[in-house]
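Okay, so here's the structure we're looking at.
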Amino acid sequence: MDMTSNGRGGAPERRTERKPGRIFYLLAVLPAICGIVTMVVLLATKLPALDDGLEQIVVPGARELALTPGNHTVFLEVRSVVDGRVYAVDEVPGLAVKVQAADGTPVATRTPSGSSTYTFGGRQGQSIQVFRIDRAGTYRVSADYEGGAGPQTVIAVGQGFMTGMFAVVLSALGAFFGGVFVSVVGIAWVAWSRRRAPRGA
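Listed below in structure tokens is the structure:
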């Protein structure tokens with residue numbers, strides 16, 4: 000009596016795993032490329048837009064600014080460009096910043112607890128004063144040299160500027176490293192799958 004069996008009634012065939020092709024390495028790299036592109040786009044579009052939040056004032060001089068409630072920072076731009084003119088200074092001894100409400104009431108200013116700096120678009124600034132206002136309105140911001148003359152330079156007033164810059168930079172770095180991480184994981188998976196698959200698969 001023949002006990003062998005063929006076809007569907009026989010032992011289940013062993014399934015052979017196919018080895019991922021090399022094209023999968025290229026697919027695994029795509030997230031990193033997307034991360035790099037996203038980072039470049041964010042830095043190229045968002046950082047210049049932050050410039051709109053900085054009100055420049057050529058000093059000695061003054062400007063009337065429409066300010067909203069909250070904390071504001073005054074930056075000294077040691078390298079700056081205003082209306083096509085380049086300003087550059089190394090020291091501004093005795094430069095005093097004053098802020099006044101529309102009715103002439105002075106607004107207290109103070110030295111920031113920590114130094115903040117930025118460099119972009121041919122401009123380089125560092126925080127020198129901070130002040131807080133409680134009511135929205137027009138304020139006169141001025142700066143001059145106490146007790147004598149000094150070089151003409153530029154100050155810039157902004158609210159939440161450094162926070163916005165950090166947010167943009169962190170978002171860009173997050174997109175970059177996130178894409179790289181996904182690509183590394185993908186490449187490792189492809190390499191592991193290719194080694195695990197039987198030869199000739």
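In numbering that gives the first Met the number 0, the protein residues as written are 0 to 200. Even glycine gets a Cβ: it sits at the ideal position worked out from N, Cα and C. Fair warning: this is a prediction, and the values are worked out from it, not measured in the lab.
Separation of residue 178 from residue 159, as counted between CA atoms: Taking the first residue of the sequence shown as position 1, residue 159 is located at position 160. Taking the first residue of the sequence shown as position 1, residue 178 is located at position 179. When rounded, the distance between both Cα atoms is 29 Å.
Proximity below 9 Å, CB of residue 129 to CB of residue 152: As a working note, residue 129 is residue 130 in the sequence shown. As a working note, residue 152 is residue 153 in the sequence shown. No, the pair does not count as a contact, with Cβ atoms beyond the cut-off.
Burial state of residue 4 (16 or more Cβ within 10 Å): Here residue 4 corresponds to residue number 5 of the sequence shown, with the count starting at 1. Note that residue 4 scores a pLDDT of 47, beneath 50, so its modelled location is shaky and nothing firm can be said.
Exposure of residue 0, with buried meaning 16 or more beta-carbon neighbours within 10 Å: By 1-based counting over the sequence shown, the position of residue 0 is 1. Residue confidence for residue 0 is low, a pLDDT of 45 falling below 50, so the modelled location carries little weight; the figure read from the coordinates is stated next. Exposed, since its Cβ has fewer than 16 Cβ neighbours within 10 Å.
Residue of 118, 73, 168, 59 minimising C-alpha distance to residue 156: In the sequence shown, the residue the question calls residue 156 occupies position 157. When only C-alpha atoms are compared, the closest one is 73.
Distance, residue 149 Cα to residue 80 Cα: One-based indexing of the sequence shown puts residue 80 at position 81. One-based indexing of the sequence shown puts residue 149 at position 150. Near 18 Å, if we compare the C-alpha coordinates of residue 149 and residue 80.
Continuous alpha helix (DSSP H) assignments of at least 4 residues falling wholly in the segment 7-94: 22-49
Option nearest residue 54 by Cα separation, candidates 111, 115, 140: In the sequence shown, the residue the question calls residue 54 occupies position 55. Among 111, 115, 140, the Cα nearest to that of residue 54 belongs to 140.
Nearest to residue 112 (by Cα), restricted to the options 146, 120, 127, 123: Residue numbering aside, residue 112 sits at position 113 when the sequence shown is read from its first letter. For the residues 146, 120, 127, 123, the minimum Cα distance to residue 112 belongs to 127.
Nearest neighbour of residue 39, chosen from 101, 172, 59 [CA to CA]: Residue mapping note: residue 39 aligns to position 40 of the sequence shown, counting from 1. Closest option to residue 39, Cα to Cα, is 172.
Own chain residues within Cβ distance below 8 Å of residue 221, not counting five before or after: It is not possible to answer for residue 221, since the shown part of the chain is limited to 0 through 200.
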